[in-house]
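K.L.:
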Amino acid sequence: MATNKSWGGRFTQDVNALAQTFSTSIETDKHIALDDVEGSLAHAAMLAEVGLVSAEHGQKLKAGLEAVRAELLAGTFPWDPSLEDVHMNVERRLAHFAGEDAAGRLHTARSRNDQVALDARLYLRRRLSEVRGHLVALELALVAQAELHVETLMPGYTHLQRAQPVRLAHHLLAYREMMKRDRGRIDDLLRRALVSPLGSGALAGTPHPIQRERVAALLGLSGITANSLDAVSDRDAMLEAMSAASISMMHLSRFSEELVLWSTLEFGFIEIGDAFTTGSSMMPQKKNPDMAELVRGKCGRVVGDLVALFVTMKGLPLSYNRDMQEDKPALTDALDTWASSVAITAAMIPAIRFKSENMRRALSDGFVTATELADFLVTKGVPFRDAHHVVGRVVGDCVASGRRLEDLSLEEYQAHHAAFTEETFSWIDPERAVERRQVPGGPARAFVLEAIRTAKEELSLEG
Ligand code: ARG
């Protein structure tokens, strides 16, 4: 039976049953229940310290909240669907453990508006540190494969056309750079997010002599929010977290797309281990890269969560509005999806077998060293634009006669340009083409090894 008794004396009628079901947030609030208790423990401790509750009540609140936390962790917490959210549920259950008198004092100098704003920040700290750990594992997995494939040459692509030879390690390390930035975005946003809004009250603070900084310190937060109206209506940290999640999911999606492409017969660059692929219910020969496809698919879902909250927030006047309750379904879905996508990708990478022979073979077609010929002519004093034109004609020749660059004779090269010499042929070797690129950030062995060294060093600091 729906009841309005928790709202106190103002209400004489029970809430409409539809209204109650419509407004409940219990299901998504389960994600922030532990954070809610953590915030309450700090708030209660501060209330006792400043004498807003007695030492005895403070003790009861502490013990009671710890009992609630134990139930939440054990999965035995008795959620009451007639109480609209996590805050009311925890407070009711607290009364069971601590008694009505003590429990009724916990909400002194606090509103659910500053309470839920704090819960979200603690939730972000907890979940983002988990995602961060998965990102480190993912980077380590990429670096480990890169180490195995310093000597593996493959075509690098632009426009999905074979472009120039690179080392597979260099290609894998490109993704590691993305994951590193994703991790950096988490650190950046947490620096702003980890401050306490408690003490902002419903919107205009509290008349009680509380110690906001003390609550922040107890929670390990770096400080307090500066404006009570802003504090209860600000959802930037969530938007930043979902922006970071969206960017990271976009990176994972691009990586997944390559895994899907590379595992086709058409590419034949990788085989993903059985543990991360699935068969077809009809076609016995199929081995499908479903995990990669799902990660690619879930990117859309996370971006959707971000957009949902943007649209929710954009028209809201100050300060708290109930619309904002829609933040948590989006945020918790985005973080659950992000965390599991990073984790599955990290787990899958060691199960990928790179088919070095096929990658190498792909270098023999597609004129991937045509640029080298132009660069060779440049070393002989030919302006690059002219050299580019000459080599374009060389390639046209090869296409017309069904040959590769190495199939032309020196005389044929010289017919295109007199500056071609015997040396020309060493320039079209893929290995030498890669090694000629002695440029920081490039695919030459020394720089790739350096990048691996740097990555391992950075990641070792992440413990
Ligand atoms: N469930 C609410 C939310 O997530 C908690 C805050 C409710 N505050 C209020 N004044 N109704 O936004």
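Numbering-wise (this note's numbering), the sequence shown opens with residue 603 and increments by one. Just so you know, even glycine gets a beta-carbon here, dropped at the ideal spot from N, CA and C.
Is S865 buried or exposed, if buried means 16 or more other CB atoms sit within 10 Å of its CB?
P.N.:
Locating residue 865 in the sequence shown gives position 263, counting from the first residue. Buried is the call here.
K.L.:
Can you tell which of D938, A739, R671, G611 has its C-alpha closest to the C-alpha of M950?
P.N.:
As a first step, residue 950 is located in the sequence shown; it is residue number 348 there, counting from the start. Looking at the Cα atoms, A739 is the closest of the given residues.
K.L.:
Quick check on F871: buried or exposed, where buried means 16 or more other Cβ atoms within 10 Å of its Cβ?
P.N.:
Mapped onto the sequence shown, residue 871 falls at position 269. Buried, since its Cβ has 16 or more Cβ neighbours within 10 Å.
K.L.:
Measure the alpha-carbon distance for P757 versus F1027 and round it to whole angstroms.
P.N.:
The sequence position of residue 757 within the sequence shown is 155, counting from 1. The sequence position of residue 1027 within the sequence shown is 425, counting from 1. Approximately 19 Å between the Cα atoms of the pair.
K.L.:
Which value, in whole angstroms, describes the spacing of the CA atoms of M851 and G807?
P.N.:
Here the question's residue 851 lines up with position 249 in the sequence shown. Here the question's residue 807 lines up with position 205 in the sequence shown. Approximately 38 Å, taken between the alpha carbons.
K.L.:
Rounded to whole angstroms, how far is the Cβ of V904 from the Cβ of S848, which I believe are closer than 8 Å?
P.N.:
Residue 904 sits at position 302 when you count from the first residue of the sequence shown. Residue 848 sits at position 246 when you count from the first residue of the sequence shown. With 8 Å as the limit, V904 and S848 qualify as a contact, their Cβ atoms being about 5 Å apart.
K.L.:
Opposite F956 in the DSSP bridges: which residues?
P.N.:
Numbered from 1 along the sequence shown, position 354 holds the residue referred to as residue 956. I872.
K.L.:
Taking only three categories from DSSP, how would you classify M885?
P.N.:
The residue given as residue 885 occupies position 283 in the sequence shown. Residue state, collapsed to three classes: coil.
K.L.:
Where does G1044 sit, in a helix, a strand or coil, going by DSSP?
P.N.:
Working through the sequence shown from its first residue, we reach residue 1044 at position 442. G1044: coil per DSSP, three-state reduction.
K.L.:
Hey, out of D682, Q622, T939, A700, whose CA is closest to A665's CA?
P.N.:
Residue numbering aside, residue 665 sits at position 63 when the sequence shown is read from its first letter. The shortest Cα separation from A665 among D682, Q622, T939, A700 belongs to A700.
K.L.:
Enumerate in chain order the residues of its own chain whose CB-to-CB distance from E749 is below 8 Å, with the five nearest sequence positions on each side excluded.
P.N.:
Reading the sequence shown from its first residue, position 147 is the one you call residue 749. Only A771, I1054 meet the Cβ criterion.
K.L.:
Could you check the C-alpha separation between G998 and I874 for me, to the nearest Å?
P.N.:
As a working mapping, residue 998 is identified with position 396 in the sequence shown. As a working mapping, residue 874 is identified with position 272 in the sequence shown. The straight-line gap from Cα to Cα measures roughly 38 Å.
K.L.:
Determine which residues share a DSSP beta bridge with P757 and list them.
P.N.:
If you number the sequence shown from 1, residue 757 lands on position 155. In the DSSP output, where bridge partners are listed per residue, P757 has P767.
K.L.:
With three or more C-beta pairs closer than 8 Å as the rule, is the region 653-665 touching the region 721-740?
P.N.:
As far as the Cβ criterion goes, the region 721-740 does not touch the region 653-665, which means the pair count is below three.
K.L.:
Tell me whether S1028 sits in a helix, a strand or coil according to DSSP, three-state version.
P.N.:
Here residue 1028 refers to the residue found at position 426 when the sequence shown is read from its first residue. Looking at S1028 - three-state DSSP - the assignment turns out to be helix.
K.L.:
Check for me: the alpha helix (DSSP H) holding K900 runs from which residue to which?
P.N.:
Counting from 1 along the sequence shown, the entry for residue 900 is found at position 298. Run containing K900: 892-915, per the alpha helix (DSSP H) assignment.
K.L.:
Are there three or more Cβ pairs, one per stretch, closer than 8 Å when the region 943-958 is compared with the region 874-885?
P.N.:
As far as the Cβ criterion goes, the region 943-958 touches the region 874-885, which means the pair count is three or higher.
K.L.:
Whole angstroms are fine: how far does the CA of L675 sit from the CA of G947?
P.N.:
On the sequence shown, residue 947 is found 345 positions in, with the first residue counted as 1. On the sequence shown, residue 675 is found 73 positions in, with the first residue counted as 1. For the record, residue 947 in the displayed sequence is Thr; it is not Gly. Whole-angstrom Cα-Cα distance: 28 Å.
K.L.:
My output table needs one value for V970: the three-state DSSP class, helix, strand or coil.
P.N.:
Here residue 970 corresponds to residue number 368 of the sequence shown, with the count starting at 1. It is coil, neither helix nor strand.
K.L.:
Buried or exposed: where does Q887 fall if 16 or more other Cβ atoms within 10 Å of its Cβ makes it buried?
P.N.:
The residue labelled residue 887 in the question sits at position 285 within the sequence shown. Looking at its Cβ environment, which holds fewer than 16 other Cβ atoms inside 10 Å, Q887 is exposed.
K.L.:
Helix, strand or coil: which one does DSSP assign to T880?
P.N.:
Within the sequence shown, the letter at position 278 stands for residue 880. Of the three classes helix, strand and coil, the one that applies to T880 here is strand, per DSSP.
K.L.:
Just to check, is the beta-carbon of D687 closer than 6 Å to a non-hydrogen atom of ligand 1?
P.N.:
The residue you call residue 687 lines up with position 85 of the sequence shown. The answer is yes for D687.
K.L.:
Let me confirm a value: M961 is counted as buried when at least 16 other C-beta atoms fall within 10 Å, else exposed. Which label applies?
P.N.:
As a working mapping, residue 961 is identified with position 359 in the sequence shown. Buried, since its Cβ has 16 or more Cβ neighbours within 10 Å.
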